[in-house]
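For reference, the structure is listed below as C-alpha cells.
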Amino acid sequence: MTSTGNDIVALKAISIARTKQANFYSRIITSAERELYYAELQDQLPFEHFVWLAWSVKESAYKYLKRFDTGLIFSPSKMRIVELKNTAGNLRGTVLLGDQLLYFQSVIHNNFISSIVNDTADFTETYWDIKRIDFTDPAAQYSAVRKLLLERLGELFPDSDLQIAKNPNGWPIIVNEDGELPIPVSFTHHDHFVAYSFQLTTSLWKAHQHHAEVL
Amino acid sequence: MTREEILNELKGVVAPYTANKEALKNLNDQTDLITDLKINSANLVDIIIDAEAKYEIEIDYDSADKMLNVGSCIDVISEKLNQKR
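Protein chains in written order, with our numbering: chain D, 1 to 215; chain L, 1 to 85.
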C-alpha cells in the first residue's frame, strides 16, 4: 500500500512576528531542528520560513502516515527533520516520527512554502502541482484544488471518467465506474494557494494505457 | 468557570480564524475546528497561544494535540484553569 501527503503555507497569511516568538515556534520545531537551522540554513532562509517549512513537512508526513494509522494525531513537536539540503530553493531531506523515516521535497517561493513526502528518496512516481486562486473562501479552495487534480488526471487518463470522492475515513480518493483506484491523493490549501499530490506507479499507468489500447 | 462560560468565550478566541460565521454561532462540543469551522490547520497553534494568553494558563504539547474540537478545547482549558487554583 502506498500513500501520499502534501501541505502548503501561504506566507502572506502567516504572522512573521508571532512565528518568531519562542512559545509559538517551539510548538512546531524541536531544539534539535533549531540547531540544524542555525548550523546549515540561517544564511539562506529567514528563521520564520524555516518554521513554516518544518510545519509543511510535518503536516505532509502526518497526512502520509495517517492513511496507515487512522488514529494518528498531528503533533509537530514529536516529529523531527533529520536532514535538510537546499539547492537553489529546492529542499530535500528526511523527517522522523518514532522509527518511521520519510523523505520530503519542498519548494520555497516568495509567496508560499509547499512540501510533499514519500517513503523513498525517489519522487519520480509522485505527481504534484500548486495553483494560485483568486478567492480564499473554503468553497473556492475546495473546488479549485479538485479541478486542478482532475485536469492533470485527464491528461494522464484521457479515456477515463475519473472522479474524486471521499472514503469513510474522510480522505479523498480517485474513483472510476469500477470503484476506487489505487492512486492515493492529498489536498492542501491556504489563503490564495491550493495544491495536490498523488502517487501513481508506472506499472499502474502502463496497465491502464494498455487497457485503453485494447479497448 | 462553567463549560458554558468557556464555550462562549471560546467563540471570541476562534473567531479571527474562521470565515464560517454560521458554524461559529452554533458552536457546540462536537464542532470540529478544521472540518466544521474551516479553520486552516496552520492557525491551530495561534488558537492555543491565544487561549493561553486569555486564560493565563500553560497548555502543554500533549494537551494541545487534543484540541481539535470545541469539546476537547473546553476540557483542556477547564483542566488548566482548575490546576491554577
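Note that the Cβ used here is the ideal one computed from N, Cα and C, for glycine as well.
The model shown is predicted, which means the values in this text are computed figures rather than measured ones.
Assigned secondary structure, residue 187 of chain D (DSSP; H/G/I helix, E/B strand, else coil): strand
So what's residue 126 of chain D in DSSP terms, helix, strand or just coil? strand
Count the other CB atoms within 10 Å of the CB of residue 102 of chain D; is the residue buried (16 or more) or exposed (fewer)? buried
Chain D within 8 Å of residue 13 of chain L, Cβ atoms only: no
My output table needs one value for residue 38 of chain L: the three-state DSSP class, helix, strand or coil. coil
Please list, in chain order, the residues of the stretch 116 to 150 of chain D that have any C-beta partner in chain L closer than 7 Å. 137, 138
Counting contacts by CB-CB distance shorter than 8 Å, is residue 197 of chain D in contact with chain L? no
Listed in chain order, which residues of the stretch 45 to 56 of chain L have Cβ atoms closer than 9 Å to some Cβ of chain D? 45, 46, 48, 49, 52
Can you tell which of D:111, D:132, D:144, D:180 has the C-alpha that lies nearest to the C-alpha of residue 52 of chain D? D:111
Along the beta strand (DSSP E) that carries residue 26 of chain L, what are the first and last residues, could you check? Note, residue 26 of chain L: premise wrong, no beta strand (DSSP E); not H, not E.
Can you tell which of D:188, D:29, D:47, D:37 has the C-alpha that lies nearest to the C-alpha of residue 17 of chain D? D:47
Taking residue 225 of chain D as the reference, give the member of D:200, D:186, D:201 with the closest Cα. An answer regarding residue 225 of chain D cannot be provided, because it is not within the stretch 1 to 215 covered by chain D.
Can you confirm whether residue 61 of chain L, when its beta carbon is compared against all beta carbons of chain D, has any partner nearer than 8 Å? yes
Whose C-alpha, out of D:134, D:177, D:173, D:87, is nearest the C-alpha of residue 200 of chain D? D:173
Could you check the C-alpha separation between residue 215 of chain D and residue 159 of chain D for me, to the nearest Å? Note that residue 215 of chain D scores a pLDDT of 48, beneath 50, so its modelled location is shaky and nothing firm can be said.
Determine, using beta-carbon pairs with one atom in the stretch 55 to 66 of chain L and one in the stretch 63 to 83 of chain D, whether at least three such pairs fall under 8 Å. yes
Separation of residue 136 of chain D from residue 190 of chain D, as counted between CA atoms: 8 Å
Run down chain L in chain order and give the residues with a C-beta less than 9 Å from the C-beta of residue 75 of chain D. 61, 62, 64, 65
Answer yes or no: do residue 27 of chain L and residue 73 of chain L have a C-beta to C-beta separation smaller than 8 Å? no
Residue-level contact to chain L via CB, residue 33 of chain D, 8 Å cutoff: no
When D:167, D:7, D:115 are compared against residue 92 of chain D, the one with the closest alpha-carbon: D:115
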